[in-house]
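Report on one structure; see the data block that follows.
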Amino acid sequence: MAETDKTNQSALHVMSGIKSQHDGIGTASVKKFSKRKPLVIDQEEYICEIRKGSRLHLAKAITFIESTVTDQQTIGQQLLKSLLPFTGSSIRIGITGVPGAGKSTFIESFGKMLVDKGFKVAVLAIDPSSSVTGGSILGDKTRMEELAKHPNAFIRPSPSAGTLGGVHKKSRETMLLCEAAGYDVIFVETVGVGQSETIVRGMVDFFLLLALTGAGDELQGMKKGIMELADAIIVNKTDGTNEKLAKKTVAEYKQILHFLAPSTPNWITPALAVSSLYKTGLNAVWETILQFQSKMMSNQVWQNRRKDQTIDWFKTMIVNKLYDDFFSSMEKKQSMKQLEQLVREEKVTVSQAVEELFSSNSKE
Ligand SMILES: Nc1nc2c(ncn2[C@@H]2O[C@H](COP(=O)(O)OP(=O)(O)OP(=O)(O)O)[C@@H](O)[C@H]2O)c(=O)[nH]1
Ligand SMILES: [Mg+2]
1 MAETDKTNQS ALHVMSGIKS QHDGIGTASV KKFSKRKPLV IDQEEYICEI RKGSRLHLAK
61 AITFIESTVT DQQTIGQQLL KSLLPFTGSS IRIGITGVPG AGKSTFIESF GKMLVDKGFK
121 VAVLAIDPSS SVTGGSILGD KTRMEELAKH PNAFIRPSPS AGTLGGVHKK SRETMLLCEA
181 AGYDVIFVET VGVGQSETIV RGMVDFFLLL ALTGAGDELQ GMKKGIMELA DAIIVNKTDG
241 TNEKLAKKTV AEYKQILHFL APSTPNWITP ALAVSSLYKT GLNAVWETIL QFQSKMMSNQ
301 VWQNRRKDQT IDWFKTMIVN KLYDDFFSSM EKKQSMKQLE QLVREEKVTV SQAVEELFSS
361 NSKE
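Counting with UniProt numbering, you get residues 1 to 364 for the letters of the sequence shown.
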């Protein structure tokens with residue numbers, strides 16, 4: 001209750017900032033040249049509320065981080081900077097698997113088990129439906145209904161626009177905000193397209209591959225590369241008529257894993273059977289993650305991996321910025337379109353066009 005009251009106050013606070021962009025009064029000439037008022041929020045209040053666990057403030061801070069509007073982005077970055085000292089203490093878990101493997105159901109059951117143990121759980125997922133429906137978040141929210149209702153859980157589906165191979169560009173920063181808000185376990189669910197597995201592996205401590213039975217074919221078809229990214233392979237839907245086959249699949253995975261390079265040094269990637277629907281085998285998965293954490297913290301692999309991940313992220317951000325800056329400056333010019341036409345007509349080669357583009361860009 002108290003949270004809702006506070007949240008209402010703060011919602012008004014933000015809204016008045018945004019509203020001020022449109023409330024210019026005075027003569028038309030003044031209006032014409034007056035600058036849009038920058039968005040202002042009470043940062044101290046945000047930081048304090050996020051640290052206290054206000055999910056609404058956290059959600060708004062994430063919206064700032066994900067925004068493509070410059071002053072909102074700036075606010076997001078300022079909040080993140082102030083909250084950075086409070087980050088780093090969660091377990092970051094990535095989850096991948098083919099569509100329908102049961103990732104959302106697994107997170108719902110596993111997350112529910114963790115909140116019942118007293119942990120705070122955050123879930124970051126890309127909502128593939130949103131680009132079609134213009135922002136629907138219902139798909140995964142309804143599948144994580146029980147977890148979503150729990151006061152110690154926070155579920156954030158991000159629109160698939162702004163994604164990098166199926167992972168939101170800002171997922172990493174969102175994860176840090178969740179940590180500052182006191183979440184102990186953070187799940188990042190991938191939609192399993194393109195580069196998403198590698199990107200998520202690059203931002204989490206523990207990477208889970210959710211697999212299905214029907215092993216023979218699936219094992220044949222499954223890319224060795226994805227198995228080599230996993231810290232555990234979980235065979236889901238080990239229930240009902242599928243149970244026997246699922247257990248056989250686990251045994252097959254164990255055999256195959258012997259021949260693969262482990263994702264994390266000094267760790268033998270296990271294969272485990274669970275039923276997300278009937279909530280069996282989940283404790284064993286949690287025990288595995290805790291064992292992994294304790295081992296990797298004592299040999300420094302955990303700490304070093306996080307540092308390496310931050311540097312990789314830094315490099316990725318540089319590339320993204322160069323890319324965005326280049327194309328946004330190019331869009332303002334005709335040269336790119338003209339060159340495109342010349343390439344289409346085969347009047348210049350692609351390499352020549354690129355050279356031309358860069359030389360004209362650097363002259364300005
Ligand atoms: N029998 C059984 N069915 C399950 C289990 N886990 C998930 N399912 C069912 O499998 C279907 C797909 O589950 P989801 O959790 O939506 O799978 P997902 O991997 O998140 O799917 P996408 O988000 O579309 O990639 C649903 O109908 C679930 O009810 C399980 O342990 N046992
Ligand atoms: Mg899902």
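Where is the CB? At the ideal position from N, CA and C, for every residue including glycine.
Reduced DSSP category for residue i - H, G, I as helix; E, B as strand; rest coil
{"i": "residue 366", "result": "Because the chain here runs from 1 to 364, residue 366 falls outside it and cannot be looked at."}
{"i": "F187", "result": "strand"}
{"i": "A273", "result": "strand"}
{"i": "S158", "result": "strand"}
{"i": "T349", "result": "coil"}
{"i": "T241", "result": "helix"}
{"i": "K258", "result": "The sequence given here has His at residue 258, not Lys. Helix, per DSSP."}
{"i": "L124", "result": "strand"}
{"i": "A181", "result": "coil"}
{"i": "H57", "result": "helix"}
{"i": "F110", "result": "helix"}
{"i": "M203", "result": "coil"}
{"i": "E197", "result": "helix"}
{"i": "I50", "result": "helix"}
{"i": "D42", "result": "coil"}
{"i": "G26", "result": "Interpretation of G26 is limited by its pLDDT of 42, a score under 50 that renders its predicted location unreliable; the figure taken from the coordinates is listed afterwards. Looking at G26 - three-state DSSP - the assignment turns out to be coil, as it is neither helix nor strand."}
{"i": "E355", "result": "helix"}
{"i": "K224", "result": "helix"}
Alpha-carbon spacing of residue i relative to residue j, whole angstroms
{"i": "E345", "j": "Q352", "result": "13 Å"}
{"i": "G281", "j": "F327", "result": "49 Å"}
{"i": "R92", "j": "F187", "result": "6 Å"}
{"i": "Q338", "j": "V354", "result": "12 Å"}
{"i": "P38", "j": "M336", "result": "33 Å"}
{"i": "K279", "j": "F154", "result": "21 Å"}
{"i": "Q195", "j": "K295", "result": "28 Å"}
{"i": "F292", "j": "I62", "result": "29 Å"}
{"i": "E179", "j": "W313", "result": "17 Å"}
{"i": "Q77", "j": "T198", "result": "25 Å"}
{"i": "T174", "j": "K321", "result": "18 Å"}
{"i": "T310", "j": "K244", "result": "42 Å"}
{"i": "Y183", "j": "V200", "result": "18 Å"}
{"i": "K170", "j": "T316", "result": "12 Å"}
{"i": "A47", "j": "I107", "result": "With the sequence shown as reference, residue 47 is identified as Ile, and Ala is not the correct amino acid for it. C-alpha separation (whole angstroms): 28 Å."}
{"i": "I289", "j": "A273", "result": "15 Å"}
{"i": "V123", "j": "G94", "result": "10 Å"}
{"i": "I236", "j": "T213", "result": "One point to set straight first is that residue 236 is Asn, not Ile, in the sequence displayed. Distance between the alpha carbons of N236 and T213 is about 8 Å."}
{"i": "I65", "j": "A125", "result": "16 Å"}
According to DSSP, residues forming a beta bridge with residue i
{"i": "E145", "result": "Bridge partners of E145: none, in fact."}
{"i": "I234", "result": "L210, L272"}
{"i": "A251", "result": "Looking at the DSSP assignment, A251 forms no beta bridge with any residue, so it has no partner."}
{"i": "A153", "result": "V121"}
Just the residues with CB closer than 5 Å to a heavy atom of ligand 2, in chain order, which are they?
K103, S104
What are the uninterrupted segments assigned as beta strand (DSSP E) that are 3 or more residues long and contained completely in the region 79-108, given in chain order?
91-96
May I have a chain-ordered list of the alpha helix (DSSP H) segments no shorter than 4 residues that lie completely inside the region 265-346?
282-298, 301-331, 335-344
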